[in-house]
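Peer 1:
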Amino acid sequence: MTQGCGESNPVPPPPLPDGGAWVDCDEQDAGSCAPGQSCRFIEAYERSLCVSPCELATGCGDSEILCCPSGEETGAAGYCLPKDACTPPDAGSPDAGSGLDAGGDGQNGEDGGLGPVLDGGPAQDAGMDGGPAPDAGVDGGPAQDAGVDGGPAPDAGMDGGPAPDAGVDGGPAQDAGSPDGSVDAGVDAGTPDAGFARVRLMASNVTSGNYQAYEAPGIRLMQGAKPDVVMVQEFNYKSGSISDLVNTTFPGFYYYQESGAQIPNGVISRWPILASGEWDDPEVDNRDFAWARIDIPGPKDLWVVSVHLLTRNASTRNTEALSLVAKIKANIPVGDYLAIGGDFNTDSRSESCFTTFAQVVTTTGPHPADKNGTEGTNASRGKPYDHVLVDADLRAYQTATVIGASSFPNGLVLDSRVYTPLSEIAPVQSGDSAASNMQHMGVIKDFRVPLN
């Protein structure tokens, strides 16, 4: 049975300006957050997150994050939270009533400068609104809104049109949502500056143990990388269903797993998967090439193919590459973005399969590396087994992979044995990449794609 999943209205993962997810934590475990942070339950996301204390007067230094009052008699005055997860103190001036006011209305005697209620209109409001509904932003229409919008629909970004949007868009088309008109997949990968969104891709064959399946070390490595789209190999989970694995690792994400395979390939995505399927691998019968078309922010869709080439020899891998390239040319529109990622099992970058793949993606360097500049991705770090290869259009938008205070200009090979500080990739533990039978490292690349 083919599995292509995603809740119809999933709780979105909490955003950061760089698009990563805030770190989950355990309120009973004092050590689950970085020094200086606190673990607090965030009702809007139905989960506990590590948050930083702040002063209401100075804020948090980012337009997407607000300093929300803690409500505590002692301790921090407030905590930095995503702006859609809290209602800040009113942004207006004191009126003649008992509290602060976000604006004047004059309707129904509620306000107009006199009155006892906190209001910018007939409903309590944390911003300015010309309509009756609660609003956390500036809006000329009556609908509830978490951003700046010239139209009546809910919006998590800035849009000149009426459709839900997960980013900045100058037209009426849905950006990172699904084509059935439903609300967008959530906050996009972030807008580091106006008009662009970050998309982080990961190739992941970080299984361990005796069953070619994901266990705690591999799950932590994927979480620590904070990817938006993962091309997964050996997509098995012995502690539950694949849905359980995805919900454990990336709550609210979408996924596709190829059917009927012993060690299946698959895709996990922050954004809705519009179409998915598998193409036959002519050299092996326990897996195929799993593909997905993803509605990333912006006008172009992203097609990704998760591959797991054979270890047999270079000639066999080139035969697999020839078959896949033919499928790509026949099925993927030239105008969309393309990424091929996964476990290639290649002994060197001079193998003929790279020449074949170069017909549809760029294969030249510079290549991702770890903290020490090492590019190999097998367990001993001497061979380039794993790759994220993209077409020329997407390669033009590649940007440095930034994690915490660390920056990797060509992408990251994630090896917990050498990564420092580990706090940047929490909840990863130092020994995760050395787990029993883990034979590969994760590979990560970032892209800054235009939204118009």
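The sequence shown maps to residues 1 to 452 in UniProt numbering.
The beta carbon of each residue, even a glycine, is placed where N, CA and C say it ideally should be.
1) Closest to PHE447 by CA distance: which of ALA358, ARG317, THR401 is it?
2) Is the CB-CB distance between SER204 and GLY442 below 7 Å?
3) Who are the Cβ neighbours of VAL51 in its own chain at under 7 Å, not counting the five residues just before and after it?
4) Helix, strand or coil: how does DSSP classify LYS327 here?
5) By how many angstroms is the C-alpha of CYS67 removed from the C-alpha of ASN265?
6) Comparing alpha-carbon positions, which option in THR363, SER406, VAL199 lies nearest ALA392?
7) Roughly how many angstroms lie between the CA atoms of CYS353 and GLU424, to the nearest whole one?
8) Suppose you measure from the CA of GLY97 to the CA of VAL229; what does that come to, to the nearest Å?
9) For the candidate residues ASN452, LEU422, PRO421, SER416, whose alpha-carbon lies nearest to that of HIS440?
10) Who are GLY277's beta bridge partners in DSSP?
11) If contacts are defined as beta-carbon pairs under 8 Å, then GLY195 and ASN372 qualify, I think. What distance do you get, rounded to the angstrom?
12) Rounding to the nearest angstrom, what Cα-Cα distance links residue 453 and LYS445 in this structure?
13) Which residues does DSSP pair with ILE403 in a beta bridge?
14) Just reading off the beta strand (DSSP E) that LEU66 is part of, what are its end residues?
15) Just the Cα atoms here: how many angstroms apart are ASN318 and VAL206?
16) For the putative contact between ALA249 and ILE219, defined by C-beta atoms under 8 Å, what is the C-beta separation to the nearest angstrom?
17) So, is ARG312 buried or exposed, given that buried needs 16 or more other C-beta atoms within 10 angstroms?
18) Quick one: residues in its chain with C-beta nearer than 6 Å to the C-beta of LYS300, no 5 flanking neighbours on either side, listed in chain order?
19) I'd like to know whether the C-beta atoms of VAL304 and VAL267 end up nearer to each other than 7 Å.
20) Within 10 angstroms of its Cβ, does ALA261 collect 16 or more other Cβ (buried), or is it exposed?
21) For SER276, which residues from the same chain have a beta carbon less than 8 Å from its beta carbon, with the 5 sequence-adjacent residues on both sides left out?
22) The beta strand (DSSP E) that contains LEU414, what's its start and end?
23) Looking at the unbroken alpha helix (DSSP H) that takes in VAL246, where does it start and where does it end?
24) Please identify the residue among GLU283, ILE263, TYR254, GLU55 whose C-alpha is closest to the C-alpha of ARG270.
25) Here's a check: name, in chain order, each residue in its chain whose Cβ is nearer than 7 Å to the Cβ of PHE357, leaving out the five neighbours to either side.
26) Between which residues of its own chain and ALA435 is the CB-CB distance below 6 Å, once the five residues before and five after are set aside?
27) Report the CB separation of ALA369 from VAL413 in whole angstroms; it is logged as a contact under 8 Å.
28) Answer yes or no: do HIS367 and ASP343 have a C-beta to C-beta separation smaller than 7 Å?
29) Between LYS238 and the rest of its own chain, which residues show a CB-CB distance below 7 Å, the 5 nearest in sequence each way excluded?
30) As a quick exercise: from GLN359, LEU274, PHE408, pick the residue whose alpha carbon is nearest that of ALA330.
31) Residues in its own chain within less than 8 Å of PRO282 by CB, not counting five upstream and five downstream?
32) Taking 6 Å as the limit between beta carbons, can you name the residues of its chain near LEU201, skipping five residues before and five after?
33) If we count the other Cβ atoms within 10 Å of its Cβ and call it buried at 16 or more, is GLY240 buried or exposed?
34) Can you give the Cα-Cα distance for PRO427 and PRO69, rounded to whole angstroms?
Peer 2: So, from the listed chains and residues:
1) The shortest Cα separation from PHE447 among ALA358, ARG317, THR401 belongs to THR401.
2) Their beta carbons are under 7 Å apart, which means SER204 touches GLY442 by this criterion.
3) Result list for VAL51: GLN37, SER38, ARG40, TYR79, CYS80, LEU81, in chain order.
4) Look at LYS327 here: in three-state DSSP terms it is helix.
5) If you take the alpha carbons of ASN265 and CYS67, they lie about 42 Å apart.
6) With distances taken between CA atoms, ALA392 lies nearest to THR363 out of THR363, SER406, VAL199.
7) Each residue's alpha carbon lies about 35 Å from the other.
8) In this prediction, GLY97 scores a pLDDT of 38, lower than 50, which makes its location untrustworthy; no coordinate-derived value is stated.
9) Residue SER416 is the option with its Cα nearest to HIS440.
10) Answer by DSSP bridge pairing, in chain order: TRP291.
11) Not quite, the Cβ-Cβ distance comes to about 35 Å (not below 8 Å), so this is no contact.
12) The shown model of the chain, from 1 to 452, leaves out residue 453, and the question about it has no answer.
13) DSSP lists SER406 as the bridge partner or partners of ILE403.
14) Residues 65-69.
15) Taking the straight line joining both Cα atoms gives about 24 Å.
16) Per the sequence presented here, residue 249 reads as Thr, with Ala not at that position. Rounded to whole angstroms, the Cβ separation of THR249 and ILE219 is 5 Å, and the two are in contact under 8 Å.
17) Classification for ARG312: exposed.
18) Within the same chain, and ignoring the five residues on either side of LYS300 in sequence, the residues whose Cβ sits closer than 6 Å to its Cβ are ASP336, TYR337.
19) Contact flag set, yes.
20) ALA261 comes out buried.
21) The residues are THR2, GLY4, TYR256, VAL267, ALA290, TRP291, ALA292, ARG293.
22) Start and end: 412-414.
23) Following the DSSP letters along the chain, one finds VAL246 inside the alpha helix (DSSP H) bounded by residues 242-249.
24) Out of GLU283, ILE263, TYR254, GLU55, the CA that lies nearest to the CA of ARG270 is found in TYR254.
25) Answer for PHE357: ALA321, VAL325, ILE340, THR363, LEU389, listed in chain order.
26) So the qualifying residues of the chain are SER208, PRO217.
27) Their Cβ separation, rounded to whole angstroms, is 6 Å, which keeps ALA369 and VAL413 in contact under 8 Å.
28) In this structure, HIS367 keeps its C-beta atom at 7 Å or more from the C-beta atom of ASP343.
29) Apart from the 5 residues on each side of it in sequence, LYS238 sits with its Cβ closer than 7 Å to the Cβ of TYR211, ALA213 in its chain, given in chain order.
30) Of the candidates GLN359, LEU274, PHE408, the one whose C-alpha sits nearest the C-alpha of ALA330 is GLN359.
31) Correct list, in chain order: THR319, GLU320, SER323.
32) Same-chain partners within the cutoff: VAL229, ALA339, VAL388, LYS445.
33) Label assigned to GLY240: exposed.
34) When the Cα atoms are used, PRO427 and PRO69 turn out to be separated by approximately 27 Å.
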